[in-house]
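Residue numbers (full-length UniProt numbering): 1 to 672.
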């Protein structure tokens with residue numbers, strides 16, 4: 001049995017693990033049985049997964065049956081010494097319930113794609129995954145497929161023959177999967193409303209329920225078929241067949257690789273569908289036959305759960321454990337003796353989404369109940385909470401606010417922070433590690449290879465005494481290094497005094513500078529003297545003791561800077577727009593540098609165009625400029641040449657619009 005030590009859940013049985021070893025000397029139970037323990041109540045309310053959402057948990061993963069999907073082959077193995085994967089995972093598109101895709105192009109040409117085979121490809125790689133292509137005609141892994149999608153008028157999926165639904169015991173029924181079952185999915189609950197909205201967002205006509213697997217372009221100037229097929233059809237659960245218009249929870253039928261056999265208060269059991277659409281999976285005797293999710297209806301304390309899981313994992317009683325759950329000594333044992341544990345390490349973050357998900361909220365003026373007080377609002381925006389307008393929000397880049405945030409964000413020590421949270425590495429970029437550069441000067445270089453440049457951070461701030469902007473250069477400290485630690489508070493690899501080590505090396509310096517900013521602020525706003533500066537930091541992580549400890553310590557070191565600062569934190573809804581920070585994610589198709597930039601520009605409500613425009617507007621005519629102004633100025637010139645020199649004024653007028661970048665391109669008659 002191959003075991004996995006997860007950095008992040010959920011389990012995806014279709015994604016091979018990044019392995020250090022596949023050796024396993026323990027055979028306490030059936031190697032084709034997979035068991036996972038979860039220290040929370042059973043979250044599975046239904047075996048019906050048909051909704052407008054992407055795979056987000058184990059239940060979704062096991063019961064998903066897409067038309068086409070991305071498949072992966074081979075185990076990636078990492079060379080720690082040379083920081084390269086010497087064996088990689090091959091990633092390619094594969095037909096699942098569909099057997100072919102018919103593309104009718106805008107020029108009248110008709111193309112049929114009905115092949116998907118590609119040979120696995122292995123080469124040294126910094127990120128462990130190689131996308132595999134072929135030059136075979138009519139193959140969905142031929143680059144021509146993506147080109148044809150971008151020129152499509154409509155596309156239609158044709159289903160495989162002889163795909164039967166199975167019952168909860170995985171017995172084949174007489175019911176064949178057909179187009180009506182996709183219509184059932186679209187009409188289930190409120191799916192049809194959401195589906196048509198999704199189609200509209202991709203420039204497509206509303207769905208024709210008489211032809212539910214045909215999708216037609218509405219706006220030829222806004223062709224997003226490539227994104228729709230590769231990112232939506234492959235993973236959105238609304239495009240799964242549903243066996244009935246009125247499904248009965250007690251008599252569920254499935255077309256997925258696994259079926260929900262039992263769903264109890266403390267466990268859920270899934271068994272393999274031996275009649276699944278992909279015959280290789282159905283006939284393979286090596287694949288997992290049963291998956292068991294074990295729940296704790298009443299969660300136990302972390303220390304007890306940690307010991308319970310460690311012992312169970314060591315004795316081969318469970319198949320998966322979260323590495324970050326374990327304490328230092330347990331992690332050391334696992335790292336030192338990986339073969340004993342038969343480990344397979346999985347990727348710790350999806351490779352086609354942004355890594356950093358925190359953004360400064362430049363739409364805060366829209367919020368009715370802002371999570372900060374008047375003193376904070378005046379310090380940052382120069383206006384009281386209730387009177388805050390879109391024009392005030394631009395003041396976030398004035399030298400006082402700009403310096404306050406830069407200094408505040410760098411009070412803590414990243415090395416100690418990741419230790420508290422139980423992580424082993426820190427990645428300081430919005431863009432994922434596997435992003436590749438597609439510019440002429442560094443084509444095909446992965447972002448991971450530029451880690452030293454990424455981890456060098458320039459901290460700009462205004463020095464009032466010197467009447468100039470100054471820059472501190474610092475490096476985020478990688479796991480296992482002691483640069484930046486205070487020598488009096490560690491011994492060997494152990495941090496003795498966390499309360500000291502959570503502070504960065506420049507803590508005292510930044511404390512003094514922040515105090516000067518506050519002194520100046522209260523001198524100019526005497527009516528606020530005696531009122532503390534209060535704001536709430538949103539936490540988008542799952543609630544845990546470690547996360548609580550980290551934010552408690554972070555809040556504490558901020559309060560130690562000056563007793564006039566009074567921050568707090570709370571677990572927040574990712575869609576809540578009332579905090580100074582907001583949560584944002586974007587999904588990529590090919591993960592190139594250009595696509596990442598376009599994604600950041602196109603973010604609804606949070607396009608980086610706003611940041612650039614506000615920054616330039618604050619400093620363009622000023623004699624005092626931050627030291628990296630020239631870099632932003634270069635971006636400004638590029639955007640001006642693309643959209644027009646008046647784009648900043650246009651942004652100010654469009655600040656309440658959702659997708660500013662798209663609107664600006666349309667206004668200036670530029671193809672999106």
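Cβ coordinates follow ideal geometry from the N, Cα and C atoms, glycine included.
Residue 198 to residue 216 span [Cα, whole Å]: Counted from its first residue, the chain shown places residue 198 at position 198. Counted from its first residue, the chain shown places residue 216 at position 216. Looking at the two C-alpha atoms, the distance is approximately 13 Å.
Contact under 9 Å by Cβ, residue 360 with residue 537: Walking along the chain shown from the start, residue 360 turns up at place 360. Walking along the chain shown from the start, residue 537 turns up at place 537. No.
Where residue 299 sits in the DSSP three-state scheme: Within the chain shown, the letter at position 299 stands for residue 299. Residue 299 falls in the coil class under three-state DSSP.
Sufficient close CB pairs (3 or more, under 8 Å) joining the segment 529-546 to the segment 561-576: yes
Cβ contact (3+ pairs, closer than 8 Å) linking the segment 141-148 and the segment 167-177: Of all C-beta pairs linking the segment 141-148 to the segment 167-177, fewer than three are shorter than 8 Å, placing the two stretches out of contact.
Residue 36 to residue 514 span [Cα, whole Å]: Here residue 36 refers to the residue found at position 36 of the chain shown. Here residue 514 refers to the residue found at position 514 of the chain shown. Straight-line Cα distance between these residues: approximately 48 Å.
Inter-stretch contact at 8 Å, needing at least 3 Cβ pairs: the segment 33-48 / the segment 294-304: yes
Local conformation of residue 118 per DSSP, three classes: Locating residue 118 in the chain shown gives position 118, counting from the first residue. In this structure, residue 118 counts as coil in the three-state DSSP scheme.
Residue range of the alpha helix (DSSP H) that includes residue 391: The residue you call residue 391 lines up with position 391 of the chain shown. Unbroken alpha helix (DSSP H) run through residue 391: 390-393.
Beta-bridge partners of residue 72, as assigned by DSSP: For the purposes of this step, residue 72 is taken as the residue at position 72 of the chain shown. The partner list for residue 72 (beta bridge, DSSP) reads 91.
Limits of the beta strand (DSSP E) - the one that residue 359 falls within: The count along the chain shown starts at 1 and reaches residue 359 at position 359. Taken as a continuous stretch (DSSP letters only), the beta strand (DSSP E) holding residue 359 covers 358-360.
Within 9 Å, strictly: CB atoms of residue 183 and residue 212: Indexing the chain shown from 1 puts residue 183 at position 183. Indexing the chain shown from 1 puts residue 212 at position 212. Taking 9 Å as the Cβ cut-off, residue 183 and residue 212 qualify as a contacting pair.
For residue 314 and residue 326, the rounded distance between their alpha carbons: The sequence position of residue 326 within the chain shown is 326, counting from 1. The sequence position of residue 314 within the chain shown is 314, counting from 1. Looking at the two C-alpha atoms, the distance is approximately 12 Å.
Segments assigned beta strand (DSSP E), at least 3 residues, entirely inside the segment 491-575: List check, beta strand (DSSP E) in window: 533-539 and 565-571.
Between the CA atoms of residue 643 and residue 666 - distance to the nearest angstrom: Residue mapping note: residue 666 aligns to position 666 of the chain shown, counting from 1. Residue mapping note: residue 643 aligns to position 643 of the chain shown, counting from 1. Cα to Cα, the separation comes out at about 10 Å.
Distance between beta carbons of residue 191 and residue 51, contact taken as under 8 Å: Position 51 of the chain shown, counted from the start, is the residue given in the question as residue 51. Position 191 of the chain shown, counted from the start, is the residue given in the question as residue 191. Confirmed, Cβ separation roughly 7 Å.
Opening and closing residue of the alpha helix (DSSP H) in which residue 401 lies: Looking up residue 401 in the chain shown gives position 401. 399-408 is the span of the alpha helix (DSSP H), which, as asked, contains residue 401.
Integer Cβ distance of residue 63 from residue 239, believed to fall under 8 Å: Start at 1 with the first residue of the chain shown, and residue 63 comes out as number 63. Start at 1 with the first residue of the chain shown, and residue 239 comes out as number 239. About 13 Å separates the beta carbons of residue 63 and residue 239, which is beyond the 8 Å limit, so they are not a contact pair.
C-beta contact flag for residue 465 and residue 406 at 9 Å: As a working note, residue 465 is residue 465 in the chain shown. As a working note, residue 406 is residue 406 in the chain shown. Taking 9 Å as the Cβ cut-off, residue 465 and residue 406 do not qualify as a contacting pair.
Inside the segment 253-331 only - beta strand (DSSP E) runs reaching at least 3 residues: 258-263, 267-272, 290-295 and 320-322
Residue 155 - DSSP class collapsed to helix/strand/coil: Position 155 of the chain shown, counting from 1, holds the residue named residue 155. Residue 155: strand per DSSP, three-state reduction.
Contact the segment 252-263 vs the segment 157-165: 3+ CB pairs below 8 Å: These segments touch.
Segment contact, 8 Å Cβ cut-off, at least three pairs: the segment 610-620 with the segment 396-411: yes
Candidates 103, 110, 105 and 99: closest to residue 116 by CA position: Here residue 116 corresponds to residue number 116 of the chain shown, with the count starting at 1. Among 103, 110, 105 and 99, the Cα nearest to that of residue 116 belongs to 99.
Own chain residues within Cβ distance below 7 Å of residue 280, not counting five before or after: To locate residue 280, count along the chain shown from 1; it is residue 280. None.
When 149, 69 and 582 are compared against residue 102, the one with the closest alpha-carbon: Counting from one through the chain shown, the residue named residue 102 turns up at place 102. For residue 102, the nearest C-alpha among the options comes from 149.
Cβ-based burial, residue 119 [other Cβ within 10 Å; buried from 16]: Start at 1 with the first residue of the chain shown, and residue 119 comes out as number 119. Label assigned to residue 119: exposed.
Simplified DSSP assignment, three categories, for residue 416: Stepping through the chain shown from its first residue, residue 416 is reached at position 416. The answer is helix: DSSP assigns residue 416 an H, G or I state.
From 290, 181 and 276, residue whose alpha carbon lies closest to that of residue 245: Numbered from its first residue, the chain shown carries residue 245 at position 245. Of the listed residues, the one whose Cα sits closest to residue 245 is 181.
The segment 521-535 contacting the segment 282-292, beta-carbon criterion three pairs below 8 Å: no
Runs of beta strand (DSSP E) lying entirely within the segment 148-202, each at least 3 residues, in chain order: 152-159, 164-166 and 172-176
Close beta carbons around residue 202, own chain, < 6 Å, minus the five adjacent residues each side: Within the chain shown, the letter at position 202 stands for residue 202. So the qualifying residues of the chain are 224 and 228.
In DSSP terms, what residue 583 is bridged to: In the chain shown, the residue the question calls residue 583 occupies position 583. DSSP output for residue 583 lists 358 as bridge partner(s).
Check whether residue 661 and residue 607 have beta carbons under 9 Å apart: By 1-based counting over the chain shown, the position of residue 661 is 661. By 1-based counting over the chain shown, the position of residue 607 is 607. In this structure, residue 607 lies closer than 9 Å to residue 661 by Cβ.
Span separating the alpha-carbon of residue 249 from that of residue 377: The count along the chain shown starts at 1 and reaches residue 249 at position 249. The count along the chain shown starts at 1 and reaches residue 377 at position 377. Their backbone Cα atoms lie some 51 Å apart in a straight line.
Run of the beta strand (DSSP E) containing residue 104, from where it starts to where it stops: The residue you call residue 104 lines up with position 104 of the chain shown. It spans 98-105 - the beta strand (DSSP E) in which residue 104 sits, taken as one unbroken run.
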